[in-house]
Amino acid sequence: MSDVVQFVPRAERDAIGNLAEFTRLAKEDLTAFANGGAWDHDKWQQGETVVVFATKTAPLDSYSFTPLAEPFMQFAKAYIRYQYSHKPVKSLAMMLQALRCVEAGLLAACGRADVGLLSGAVMDVCANSCREFYSSEDVRHKTGLQLQTIFDFLREKSLVPSLSAWKSPFKKPVILTEDLGEAGQAHRLSKLPSNEEMLAVADVFAQADDRESQFYSSIFILLMAAPGRVSEVIKLPIDCIRWEKDDAGELQMLLRWHAAKGKGATKKWVVPSMHSVVKEAVRRLVEIGGPAREAARATFEGSGPSLGEVSTSDLIKEFGGFYWPFIDEKKVLKAWDALCLHRENEFSRDREIKASSWRIPGASEVNKRLGAGQGHGPSLFDRMGLRNPDGSRIALTSHQLRHWLSTMSERAGMDDYTLAQWAGRARTSDNRHYDHRSPEERLEAARDLLPMQPAPLLERIKHRQPVTYQELGVDRLGAAKATLYGMCVHDYAMAPCQKQRECMTCKEHVCIKGDHVTLDRIRQLESQTEELLQQSMKAHEDGDFGADRWVDNHKWKLAHVKAMRMALEHPNVPDGAVLRIPDGHDPSPVRRALMDLGVVEVSSMEALGPNMIPLALT
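For the sequence shown, position 60 (counting from the first letter as 1) is numbered 61 according to the working numbering, and the numbering increases by one without interruption.
Written as structure tokens, this is what we have:
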């Protein structure tokens with residue numbers, strides 16, 4: 002673990018002084034990437050973490066590069082060492098990409114790569130460099146976040162004078178597995194192998210007749226037995242198979258697994274139908290890797306017939322790796338305990354096998370046998386003459402097997418938590434990136450979660466649960482609104498309430514028989530309206546101006562309220578019936594004008610009571 006030192010800027014120093022002190026601290030006080038005087042080199046390495054301080058403004062590939070320009074190079078080295086010291090990570094790729102965009106932006110805007118020249122406009126130019134360098138929306142988004150982190154660091158540590166706050170303009174791309182358009186469909190098809198292709202994978206294992214096909218098809222089988230990453234499979238131990246009893250007392254197979262991306266040690270349960278094939282796959286790998294494991298152990302012990310005259314130090318240097326005798330930085334699995342070990346040139350047709358050697362294949366070697374990528378030669382499918390039903394070549398990646406198994410689990414109804422545990426994911430939300438079901442499949446699954454029959458209308462009204470317009474006799478999408486006396490079916494998207502909340506005289510208001518709470522409120526409203534009618538009649542007798550209009554208003558309202566109360570109390574009206582006043586007793590403004598002109602007939606008030614009952618909807 003590198004020594005960690007915090008940099009604290011001083012107010013009495015200007016930005017140039019703080020930047021100089023930050024660079025000095027990183028160069029002299031921190032120890033990350035310090036092996037072999039790394040500061041003066043343009044390529045650093047610590048364990049498996051490699052850093053190449055290369056500019057993106059010149060050709061950059063695996064064989065040659067041009068270093069970052071000075072003085073920006075000094076800041077980049079200080080920033081990488083400081084950040085890695087505080088949070089060691091395996092890959093610094095995104096951080097390096099962001100630094101290259103900053104350098105390119107400074108050169109383009111200022112003609113000199115000096116972070117002290119950064120400003121709001123220059124930061125935007127750096128973002129333009131990111132847009133120019135990287136076409137992938139996901140890469141832009143992640144690089145933009147790193148740019149934002151760098152600028153925040155410069156501002157918070159007072160390394161640049163008067164640097165304004167800046168936010169990345171690159172939005173998080175749409176998750177294509179959830180996209181309903183053509184792009185989402187194409188993405189799902191590209192990630193999800195067909196059932197015919199997966200059957201071909203099984204055929205490769207069944208037909209394997211040489212060491213190469215037996216070795217790699219066994220890895221395929223382990224990827225099909227449980228949703229894992231190829232980097233996890235190739236680091237399984239030889240005693241990876243375990244048996245434990247389930248809740249019913251039956252022995253079930255599991256694989257001892259160490260999941261990547263922070264999940265750690267876990268158990269991968271294997272479905273019973275895969276028990277025999279998994280045992281055979283492990284047996285083949287143990288057998289093929291036997292000589293390599295013997296050579297690794299003999300080298301560690303410094304003796305053994307397999308070594309001959311070969312120097313153990315030379316073997317360790319060539320095959321041991323950074324973490325000898327362990328296979329990786331976790332220092333859990335020793336080389337001679339690795340399941341997928343094999344000798345150098347074990348599967349070569351042109352070169353002789355190195356007897357005193359051992360190695361673990363990389364993901365690219367597994368993908369080569371699956372037919373992934375271009376120019377990798379014939380895959381195991383090609384060699385066995387296996388093709389797609391349309392005659393096209395089968396080409397898969399190891400990760401597609403993980404996508405396929407996760408999607409099949411979703412289709413089978415596995416819950417998110419169980420799937421995340423089985424797949425070795427730290428968060429259940431990550432399942433969605435591997436769910437390639439069609440929108441129709443997801444909709445059907447969502448419907449299956451809902452009750453087959455909703456609760457009766459009256460029950461939902463009593464418990465204040467949503468009620469649709471259709472259930473209340475209105476052909477419109479949406480949920481009705483609850484009132485003191487029932488439900489309102491007015492479309493508020495078209496116009497506000499025209500009744501000023503006088504619900505009981507409105508034809509767009511319904512009452513439901515059996516809801517005693519609203520019935521008690523209607524009885525109380527009837528009593529209040531009768532009292533108001535008596536007061537207005539007395540005022541009219543006393544000659545008060547305008548009292549006659551209140552008499553008419555209260556009579557009109559009382560007739561509606563009393564009729565509705567009588568209907569709700571009527572023994573022949575079943576519970577759950579939906580009642581509303583007839584249209585004729587709540588005429589629209591246009592109809593009122595026509596009635597005033599005598600064009601249409603005025604409704605009779607005597608029709609209010611019994612005529613409402615036939616309008617009940619069941």
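Every residue, glycine too, gets a C-beta built ideally from N, C-alpha and C.
In this text the structure is predicted, and so the values were computed from the model without any measurement.
With a threshold of 16 other beta carbon atoms within 10 Å, residue 581 meets it and is buried. The beta-carbon distance between residue 108 and residue 58, rounded to whole angstroms, is 6 angstroms. This is short enough to meet the 8 angstroms contact definition.
Taking a cut-off of 8 angstroms on C-beta distances, the stretch 328-348 touches the stretch 286-297, as three or more cross pairs fall below it. A direct Cα-Cα distance of roughly 20 angstroms separates residue 25 from residue 89. The Cβ neighbour count for residue 147, taken over all protein chains shown within 10 Å, is at least 16; the residue is labelled buried. Secondary-structure assignment with DSSP links residue 245 through a beta bridge to 253. If you check the CB distance, residue 488 and residue 511 come in under 9 angstroms. Bounds of the beta strand (DSSP E) holding residue 513 are 510-513. In the structure shown, residue 258 falls within a strand segment according to DSSP collapsed to helix, strand and coil.
Here residue 110 carries a helix assignment [DSSP, helix/strand/coil]. Judged by DSSP secondary structure, residue 90 falls outside any alpha helix (DSSP H); it is assigned neither H nor E. Annotation: the stretch 546-610 contains no complete segment of the beta strand (DSSP E) (minimum length 3 residues). In this structure, DSSP gives residue 398 a state outside helix and strand, which the three-state scheme calls coil.
Taking a cut-off of 8 angstroms for Cβ pairs, the stretch 113-121 and the stretch 64-83 touch, as three or more such pairs fall below it.
Beta-bridge pairing by DSSP links residue 327 to 335. DSSP, reduced to helix, strand and coil, places residue 497 outside both helices and strands of the structure shown, so it counts as coil. Contact annotation, residue 158 with residue 23: C-beta distance approximately 7 angstroms; criterion of less than 8 angstroms satisfied. By the criterion of a C-beta distance shorter than 6 angstroms, residue 352 is surrounded in its chain by 346, once the five residues flanking it on both sides are discounted. DSSP lists 45 as the beta-bridge partner residues of residue 52. It is roughly 23 angstroms from the alpha-carbon of residue 472 to the alpha-carbon of residue 564. Collapsing the DSSP output to three states places residue 484 in coil.
Separation of residue 551 and residue 536 (C-alpha to C-alpha, rounded to the nearest whole angstrom) is 9 angstroms.
Closest option to residue 400, judged by alpha-carbon separation, among 105, 229, 384: 229. When the alpha-carbon of residue 370 is set against those of 244, 484, 214, the nearest one is in 214. When secondary structure is reduced to three states using DSSP, residue 266 falls in the strand class. Straight-line spacing of the CA atoms in residue 6 and residue 280 works out to 51 angstroms. With at least 16 other beta carbons inside 10 angstroms of its own, residue 411 counts as buried.
Looking at 300, 367, 349, the one whose alpha-carbon comes closest to that of residue 336 is 300. Rounded to whole angstroms, residue 546 and residue 553 show a C-alpha spacing of 14 angstroms.
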